[in-house]
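Written out below as structure tokens is the structure these notes cover.
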Amino acid sequence: RLQSLFGIVGFYRCFETKKDLDEIKKIAIQFARQNLEENRGIEFKVDTRRIDKSLPFTNQQYSAQLGEAILDAIPELKVNVRQPQWTINLELRDKAYIYGFGYMGGKGLPVGSAGRGMLLLSGGIDSPVAGFLMAKRGLKLEAVYFNTPPYTSEESLQKVKDLAAILSPWNGGIKLHVVNFTEIQMLLNKSLPEETLTLHSRASMMKIAGKLAEFHSCAALITGESLSQVASQTLESLNYTNQAVSMAVFRPCIGLDKEEIIHFSKRIKAFETSIQPFDDCCTLFSPEHPLTRPKKTEMVTQYNQLELLPDMLEKAVNEAMSFIL
Ligand code: ATP
Ligand code: MG
-8 RLQSLFGIVG FYRCFETKKD LDEIKKIAIQ FARQNLEENR GIEFKVDTRR
42 IDKSLPFTNQ QYSAQLGEAI LDAIPELKVN VRQPQWTINL ELRDKAYIYG
92 FGYMGGKGLP VGSAGRGMLL LSGGIDSPVA GFLMAKRGLK LEAVYFNTPP
142 YTSEESLQKV KDLAAILSPW NGGIKLHVVN FTEIQMLLNK SLPEETLTLH
192 SRASMMKIAG KLAEFHSCAA LITGESLSQV ASQTLESLNY TNQAVSMAVF
242 RPCIGLDKEE IIHFSKRIKA FETSIQPFDD CCTLFSPEHP LTRPKKTEMV
292 TQYNQLELLP DMLEKAVNEA MSFIL
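With this note's numbering, letter number 231 in the sequence shown gets 222, and the count goes up by one each step, no holes.
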């Protein structure tokens, strides 16, 4: 659990004992034996910090005695004070504390310390990674998924819930809002030119996510977009979808190649779930020849002509269903 907790650089398993040299030696030898068994190398050193100054020996003397005891017990080990492969640490305070091999924590900043953000979570590879990267920088995430039943299946929704559950331990739990997007998608499909559909659909998602974010005290949106990865992620396309909201939009994958995104996806063990072949609305309704260089003002005018849309957006926000994962 500590390894997936942001804000923790590293941690040790530490033994507490009396300030009795024989006791300390016994525990240090156990640590050394474990390091050898787990193939961490044979070159070691002992580091002592004596905070209790009433004790009889200096730091160096404690380290030397402990090192000698370890070598006597495990002769195949070697002392290397300059570049040890591992270190046995002894801290002498109110009691003696001994610790050996360290583990890496989640690094980053404690979740929530940077504020709150709303992640647009689709079933793909990129958005879970985007969520992970922003949680690492201290944002507490909520997530929103745009569902288009019956065009997308129950499995597609389950896949997104599974991905939210994968993010959950990194985020201290996560709330997933599921928005029914079918009615809006249908209105767009019948009213607007085919090549613009993905972009208008994405702009609508941004608007709804922005309203949900405000409602749930989130001050930023997060998406998995990566520059020029697909037609809706060119500079011109992003400039159109970006104007749909006025809050900050974080796209931590923007400068990453797919390969690099996949690296993170595997690290958080989301990859196998992300590649399950269930359709998302974006793949189902994507035009054959999507615009790659939309003209922002023309697009905005076109979008604003849909008189039924504002009420539909409002309704979608109000009827969102929430799940805690
Ligand atoms: P991903 O791998 O995250 O699905 P993608 O490469 O498939 O991304 P798009 O489908 O263009 O890219 O989506 C871009 C971003 O828009 C996603 O990363 C996600 O943040 C958001 N998004 C797209 N579809 C949905 C959806 N159905 N629900 C919630 N967010 C979505
Ligand atoms: Mg996708």
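Built from N, CA and C at the ideal position, the CB exists for glycine as well. These figures come from a predicted structure and were not determined experimentally.
> Which same chain residues, not among the five before or five after T78, have their C-beta less than 8 Å away from its C-beta?
Replying inline: Within the sequence shown, the letter at position 87 stands for residue 78. Closer than 8 Å at Cβ, skipping near neighbours: F35, K36, V37, D38 and G91.
> Would C244 be called buried (16 or more neighbouring beta carbons within 10 Å of its own) or exposed?
Replying inline: In the sequence shown, counting from the first residue as 1, residue 244 sits at position 253. C244 comes out buried.
> Is it right to say F123 is buried, meaning 16 or more other beta carbons lie within 10 angstroms of its own, or is it exposed?
Replying inline: Translated into positions along the sequence shown, residue 123 becomes position 132. Counting Cβ neighbours within 10 Å, F123 comes out buried, since at least 16 surround it.
>> In the DSSP output, what is D38 paired with across the bridge?
In response: In the sequence shown, counting from the first residue as 1, residue 38 sits at position 47. The partner list for D38 (beta bridge, DSSP) reads N80.
> If you count every other CB in all the chains shown that lies within 10 Å of the CB of Q296, and 16 or more means buried, which is it?
Replying inline: Taking the first residue of the sequence shown as position 1, residue 296 is located at position 305. Exposed, by the Cβ-count rule.
>> Would you call the region 215 to 235 in contact with the region 124 to 139, where contact means no fewer than 3 C-beta pairs closer than 8 Å?
In response: no
> When the Cα atoms are used, what is the spatial distance from L218 to L212?
Replying inline: For this step, residue 218 is matched to residue 227 along the sequence shown. For this step, residue 212 is matched to residue 221 along the sequence shown. C-alpha separation (whole angstroms): 17 Å.
> Secondary structure at I116, three-state DSSP: helix, strand or coil?
Replying inline: Indexing the sequence shown from 1 puts residue 116 at position 125. Reduced to three states, the DSSP call for I116 is coil.
> When the distance is taken between beta carbons, is R107 closer than 8 Å to A210?
Replying inline: Here residue 210 corresponds to residue number 219 of the sequence shown, with the count starting at 1. Here residue 107 corresponds to residue number 116 of the sequence shown, with the count starting at 1. Cβ distance < 8 Å, so A210 and R107 count as in contact.
> What residues in its chain sit with their C-beta under 8 Å from that of Q(-6), if we drop five residues either side in the sequence?
Replying inline: As a first step, residue -6 must be located in the sequence shown, where it is residue number 3. Taken in chain order, the residues that qualify are Y94, M95, G96 and G97.
>> At a cut-off of 7 Å, would you count I116 as near the ligand ATP, judging by its Cβ distance to the nearest heavy atom?
In response: Counting from 1 along the sequence shown, the entry for residue 116 is found at position 125. The answer is yes for I116.
> Nearest to D153 by CA position, among D302, I252, F269 and V0, is which residue?
Replying inline: For this step, residue 153 is matched to residue 162 along the sequence shown. Of the candidates D302, I252, F269 and V0, the one whose C-alpha sits nearest the C-alpha of D153 is F269.
> When you compare only the Cα positions, how much space is there between P141 and N171?
Replying inline: Taking the first residue of the sequence shown as position 1, residue 141 is located at position 150. Taking the first residue of the sequence shown as position 1, residue 171 is located at position 180. C-alpha separation (whole angstroms): 10 Å.
>> Assess contact between the region 107 to 121 and the region 145 to 159, defined as three or more Cβ pairs (one per stretch) separated by less than 8 Å. Is contact present?
In response: yes
> Can T214 and S118 be called in contact, C-beta distance under 8 Å?
Replying inline: If you number the sequence shown from 1, residue 214 lands on position 223. If you number the sequence shown from 1, residue 118 lands on position 127. In contact: T214 and S118 (Cβ atoms closer than 8 Å).
> How would you write the range of the beta strand (DSSP E) that N138 sits in, first residue to last?
Replying inline: Taking the sequence shown and counting its residues from 1, the one referred to as residue 138 is at position 147. Start and end: L130 to N138.
>> Less than 8 Å between the C-beta atoms of K127 and G99, yes or no?
In response: Position 136 of the sequence shown, counted from the start, is the residue given in the question as residue 127. Position 108 of the sequence shown, counted from the start, is the residue given in the question as residue 99. It is a contact, given that the beta carbons lie within the stated cut-off.
> Can we count Y3 as close to the ligand HEM, meaning its CB is less than 7 Å from some heavy atom?
Replying inline: Of the ligands one can find in the structure shown, namely the ligand ATP and the ligand MG, none is the ligand HEM.
> When the distance is taken between beta carbons, is D271 closer than 8 Å to T189?
Replying inline: As a position in the sequence shown, residue 189 is number 198, starting the count at 1. As a position in the sequence shown, residue 271 is number 280, starting the count at 1. In this structure, D271 does not lie closer than 8 Å to T189 by Cβ.
> Is the region 175 to 190 close to the region 67 to 83, with three or more CB pairs under 8 Å?
Replying inline: no
>> Give me the residue from A19, M125, A64 and M312 with the minimum Cα distance to A239.
In response: Position 248 of the sequence shown holds residue 239. When only C-alpha atoms are compared, the closest one is M125.
>> Comparing C-alpha positions only, which one of K69, L282, R40 and G1 sits nearest to L27?
In response: Locating residue 27 in the sequence shown gives position 36, where the first residue counts as 1. It is K69.
>> So S223 and G114 are supposed to be a Cβ contact under 8 Å. How far apart are they, rounded?
In response: Taking the first residue of the sequence shown as 1, we reach residue 223 at position 232. Taking the first residue of the sequence shown as 1, we reach residue 114 at position 123. S223 to G114, Cβ: 16 Å. No contact.
> Does the distance from the C-beta atom of K86 to that of K10 stay below 8 Å?
Replying inline: Position 95 of the sequence shown, counted from the start, is the residue given in the question as residue 86. Position 19 of the sequence shown, counted from the start, is the residue given in the question as residue 10. Contact: yes.
> What are the boundary residues of the alpha helix (DSSP H) that includes R329?
Replying inline: Only positions -8 to 316 of the chain appear in this structure, which leaves residue 329 out of reach.
> What do you reckon, are the CB atoms on L282 and E186 nearer than 8 Å?
Replying inline: For this step, residue 282 is matched to residue 291 along the sequence shown. For this step, residue 186 is matched to residue 195 along the sequence shown. Closer than 8 Å, so yes.
>> Which residue marks the beginning of the beta strand (DSSP E) containing F2, and which one marks its end?
In response: In the sequence shown, counting from the first residue as 1, residue 2 sits at position 11. First-last of the beta strand (DSSP E) with F2: I(-1) to T8.
> Assuming L83 contacts S313 under a Cβ cut-off of 8 Å, what Cβ separation, rounded to an integer in Å, is found between them?
Replying inline: Residue numbering aside, residue 83 sits at position 92 when the sequence shown is read from its first letter. Residue numbering aside, residue 313 sits at position 322 when the sequence shown is read from its first letter. Going by Cβ atoms, the distance from L83 to S313 rounds to 52 Å, so no, they are not a contact pair.
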